[in-house]
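Count the sequence shown with the UniProt record's numbering and you get residues 1 to 139, in order. From the three backbone atoms N, C-alpha and C, an ideal C-beta is built for every residue, glycine too. Right, one structure below, let's go through it.
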Amino acid sequence: MASLSCGTTVCVICLEKPKYRCLACHVPYCSLPGFWKHKRKCKPATGFVEKKIRSALTAKTKKSVENEDDEDNSVADFLSSDEEEDRVSLQNLKNLGESAALRSLLLNPHLRQLMVDLSQADDKAKLMRACMQELVCGV
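Below you can see the structure in the form of structure tokens.
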């Protein structure tokens with residue numbers, strides 16, 4: 001970021017007071033012409049969004065580790081309420097939580113809505129069977 005020695009942030013193009021920031025690399029600029037000049041040379045901050053997500057997940061994971069004993073009991077209670085064949089190991093659940101492929105799939109709005117519908121359904125098993133049948137018949 002361009003700045004004066006006194007710590008004031010300035011436009012990277014004309015050194016005036018900036019009004020905006022580049023969404024890709026976060027450098028300040030003051031005008032549309034300045035933006036276009038900058039855009040030709042812009043080097044996006046690598047994985048800015050990924051870094052934000054990872055830091056949020058890391059913070060959440062740290063909180064989870066602190067409360068792991070309590071959560072293990074509640075997870076165990078939850079798992080014991082289901083049939084054996086429907087259980088997923090805690091390690092597999094953690095792996096799913098870190099899966100980039102799964103995150104990519106969850107960007108699909110239709111899948112997200114289907115999951116919401118399933119979680120709110122009175123007869124989840126019936127709806128799940130209907131969805132699975134639709135998938136098989138639709139292929």
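>> Taking the alpha helix (DSSP H) that A100 belongs to, which residues open and close that run?
In response: A100 to L105
> Around the Cβ of P28, are there at least 16 other Cβ atoms within 10 angstroms (buried) or fewer (exposed)?
Replying inline: buried
> So is G97 buried or exposed if we call it buried at 16+ other beta carbons inside 10 Å?
Replying inline: exposed
>> Tell me the DSSP secondary structure of R129 in three-state form.
In response: helix
> So, is C131 buried or exposed, given that buried needs 16 or more other C-beta atoms within 10 angstroms?
Replying inline: exposed
>> Per the DSSP calculation, G21 is bridged to which residue(s)?
In response: The sequence shown places Arg at residue 21, not Gly. Per DSSP, P28.
> Using DSSP with H/G/I as helix, E/B as strand and the rest coil, what is L90?
Replying inline: helix
>> Beta-carbon within less than 8 angstroms of L118's beta-carbon, same chain only, minus the 5 sequence neighbours each way: which residues are those?
In response: K124, L127, M128 and C131
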